[in-house]
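Student:
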Amino acid sequence: MERFKALVADKQNDKMEMNIKELGIKDLSEGEVVIRVAYSSVNYKDGMVGVTGAIAETFPIIPGIDLAGTVISSEDDRFKKGDEVIATSYYIGTRHSGGFSEVARIPAEWVVPLPEGLTKKEAMEIGTAGFTAALSIQRLEDNGLAPGDGEVLVDGASGGVGSIAINMLAGKGYEVVASTGRTEEAEYLKSLGARKVIHRDEVTDTDGKSTRKRRWKAAIDPVGGKTLQYILSSLDYGGSVATCGLAGGIEVETTVLPFISRGINWLGIDSVKYPMEKRLEVWERLASDMKPAALGTHIAHEVTLEELPDTLRDILNGKVRGRVIVRL
Numbered sequence: 001m002e003r004f005k006a007l008v009a010d011k012q013n014d015k016m017e018m019n020i021k022e023l024g025i026k027d028l029s030e031g032e033v034v035i036r037v038a039y040s041s042v043n044y045k046d047g048m049v050g051v052t053g054a055i056a057e058t059f060p061i062i063p064g065i066d067l068a069g070t071v072i073s074s075e076d077d078r079f080k081k082g083d084e085v086i087a088t089s090y091y092i093g094t095r096h097s098g099g100f101s102e103v104a105r106i107p108a109e110w111v112v113p114l115p116e117g118l119t120k121k122e123a124m125e126i127g128t129a130g131f132t133a134a135l136s137i138q139r140l141e142d143n144g145l146a147p148g149d150g151e152v153l154v155d156g157a158s159g160g161v162g163s164i165a166i167n168m169l170a171g172k173g174y175e176v177v178a179s180t181g182r183t184e185e186a187e188y189l190k191s192l193g194a195r196k197v198i199h200r201d202e203v204t205d206t207d208g209k210s211t212r213k214r215r216w217k218a219a220i221d222p223v224g225g226k227t228l229q230y231i232l233s234s235l236d237y238g239g240s241v242a243t244c245g246l247a248g249g250i251e252v253e254t255t256v257l258p259f260i261s262r263g264i265n266w267l268g269i270d271s272v273k274y275p276m277e278k279r280l281e282v283w284e285r286l287a288s289d290m291k292p293a294a295l296g297t298h299i300a301h302e303v304t305l306e307e308l309p310d311t312l313r314d315i316l317n318g319k320v321r322g323r324v325i326v327r328l
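Read left to right, the sequence shown gives residues 1 to 328 (the UniProt record's numbering).
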């Protein structure tokens with residue numbers, strides 16, 4: 001097979017480096033399915049791997065936890081040359097060479113057929129961020145949430161998970177309140193479907209109260225930390241929060257009071273090891289009833305492989321709005 005380009009992150013003497021290199025198939029991690037990558041996408045985790053080396057389990061590593069492309073060859077009967085496929089999460093881009101490469105080699109059990117109703121580009125505009133948003137909404141609805149119940153808070157709203165979650169929720173008829181530290185993005189968030197935009201300071205715990213005035217029927221939380229503390233204290237009776245990220249920190253201080261006096265639910269969302277059978281179902285929904293209406297217009301913009309290092313730094317510094325996809 002011919003040589004191809006990839007972004008490689010390496011750690012030398014405790015210093016991280018990112019370089020575009022020419023590689024061969026033998027430079028990739030083992031796997032049964034070889035894929036010509038059309039698009040990847042940029043996630044917070046990719047920034048952690050490429051810029052700081054955090055969560056990477058080996059070096060050198062090709063980051064990129066998401067990819068969509070066309071099968072070049074397969075040693076597994078489930079896939080054949082020419083099939084259009086997606087691969088996201090698992091250990092891609094952290095332990096296993098990832099999507100920031102013109103060619104990827106992925107274990108067959110991590111590969112998803114591209115659902116009818118999605119292009120490869122749209123699949124990466126969704127990516128792990130959109131999959132996580134969809135899984136969060138599904139879990140909230142499994143716990144009783146329905147349109148018309150009350151306000152649904154989305155924190156970290158201008159990021160990838162937040163932006164897509166707003167658009168999905170609004171499309172399903174929910175009353176969405178967006179919380180962000182970047183209030184200059186208010187019009188963007190309203191264009192996605194947010195009814196109201198508030199500053200993140202309004203939903204940050206500064207006094208350690210266990211319970212506050214009941215407000216949110218549900219929340220999607222990619223932030224964690226003191227924002228999650230505030231949400232837990234202000235959920236309405238029987239309300240739920242789906243926590244799917246840690247941009248605001250991993251420490252959470254609370255008490256049992258909101259749980260036993262208001263019957264609230266704290267739902268953990270894991271898209272990394274989500275079972276394949278259920279993963280396929282979520283992707284089918286992302287291609288149908290949960291497909292974000294703003295794909296290709298408001299949510300995403302493209303960068304090249306050469307532009308990627310700066311984008312990875314930007315996402316860690318909170319300078320990325322919505323989704324960034326990488327055109328390979």
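Note that beta-carbon positions come from the ideal geometry of N, C-alpha and C, so glycine has one too.
(1) Note down, in chain order, each residue of its chain lying with its Cβ closer than 6 angstroms to the Cβ of Ala287, except the 5 sequence neighbours on either side.
(2) Determine which residues share a DSSP beta bridge with Arg214 and list them.
(3) Shortest alpha-carbon distance to Ala123 belongs to which of Pro292, Thr311, Glu306?
(4) In the DSSP assignment, find the beta strand (DSSP E) that holds residue 355 and state where it starts and stops.
(5) Can you round the beta-carbon distance between Ala38 and Lys120 to whole angstroms, since I take them to be within the 8 angstroms contact cut?
(6) Output needed for Lys273: all residues of its chain with C-beta closer than 8 angstroms, excluding positions within five of it in sequence on either side, in chain order.
(7) Is Asn265 near Gly238, with beta carbons less than 9 angstroms apart?
(8) Can you find the residues in the same chain that come closer than 6 angstroms, C-beta to C-beta, to Phe59, ignoring five residues on each side of it along the sequence?
(9) Alpha carbons only, please: which of Arg212, Thr52, Ala68 is nearest the one belonging to Ser40?
(10) Apart from the five residues just before and just after Leu140, which ones in its own chain have a Cβ nearer than 6 angstroms to its Cβ?
(11) From what residue to what residue does the alpha helix (DSSP H) around Ile231 run?
(12) From what residue to what residue does the alpha helix (DSSP H) around Val282 run?
(13) Are the stretch 132–139 and the stretch 182–199 touching, with three or more C-beta to C-beta distances below 8 angstroms?
(14) Suppose only complete runs of 3+ residues qualify. What are the beta strand (DSSP E) ranges in the stretch 98–185, listed by chain order?
(15) With distances taken between CB atoms, is the gap from Val176 to Ile164 smaller than 9 angstroms?
(16) So, helix, strand or coil for Tyr188, using DSSP?
(17) Assign Lys45 to buried or exposed, taking buried as 16 or more other Cβ atoms, counted over all protein chains shown, within 10 Å of its Cβ.
(18) Helix, strand or coil for Ser73, going by three-state DSSP, please let me know.
(19) Do you know offhand how far Val85's Cα is from Glu151's?
(20) With DSSP as the reference, label Arg321 as helix, strand or coil.
(21) Do Ile72 and Gly93 count as a contact pair if the criterion is CB distance below 9 angstroms?
(22) Looking at the secondary structure, which residues open and close the alpha helix (DSSP H) in which Ser89 lies?
(23) Where does the unbroken alpha helix (DSSP H) through Ile315 begin, and where does it stop?
(24) Return yes when the C-beta of Thr70 is under 8 angstroms from any heavy atom of the ligand PLP, and no when it is not.
(25) Is the separation between the beta-carbon of Val103 and that of Arg78 shorter than 9 angstroms?
(26) I'd like the list of long-range same chain contacts for Lys80, defined as Cβ closer than 8 angstroms, with 5 residues on each side in sequence excluded.
(27) Quick one: what's got a C-beta closer than 8 angstroms to Lys26's C-beta in the same chain, skipping five residues either side?
(28) Assign Thr52 to one of three DSSP states: helix, strand, or coil.
Tutor: Short version:
(1) Non-local C-beta neighbours of Ala287 in its own chain, meaning closer than 6 angstroms and more than five positions away in sequence, comprise Pro115, Gly117, Leu118, ordered along the chain.
(2) Note: Arg214 sits in no beta bridge, so no partner.
(3) Answer by Cα proximity: Pro292.
(4) Absent from the structure is residue 355, since the part of the chain shown begins at 1 and ends at 328.
(5) 5 angstroms
(6) Ser89, Tyr90
(7) In this structure, Asn265 lies near Gly238, with their beta-carbon atoms less than 9 angstroms apart.
(8) Spatial neighbours of Phe59 in its own chain (CB-CB distance under 6 angstroms, excluding positions within 5 residues in sequence) are listed in chain order as Asp10, Lys11.
(9) Its Cα nearest to that of Ser40, the residue Ala68 stands out among Arg212, Thr52, Ala68.
(10) Ala218, Ser240, Ala242
(11) Residues 225–234.
(12) For Val282, the enclosing alpha helix (DSSP H) begins and ends at 276–286.
(13) Fewer than three Cβ pairs drawn from the stretch 132–139 and the stretch 182–199 lie within less than 8 angstroms of each other, which leaves the two stretches out of contact.
(14) 103–106, 111–113, 151–154, 175–180
(15) no
(16) Three-state DSSP puts Tyr188 in a helix.
(17) buried
(18) strand
(19) 36 angstroms
(20) coil
(21) no
(22) Careful: Ser89 lies outside any alpha helix (DSSP H) and carries neither H nor E.
(23) 308–316
(24) Ligands are entirely absent from the displayed structure, and the ligand PLP is therefore not among its contents.
(25) No, the pair does not count as a contact, with Cβ atoms beyond the cut-off.
(26) Counting only residues of its own chain and dropping the five nearest sequence neighbours on each side, Lys80 has a CB closer than 8 angstroms to the CB of Val71, Ser74.
(27) Closer than 8 angstroms at Cβ, skipping near neighbours: no residue.
(28) helix
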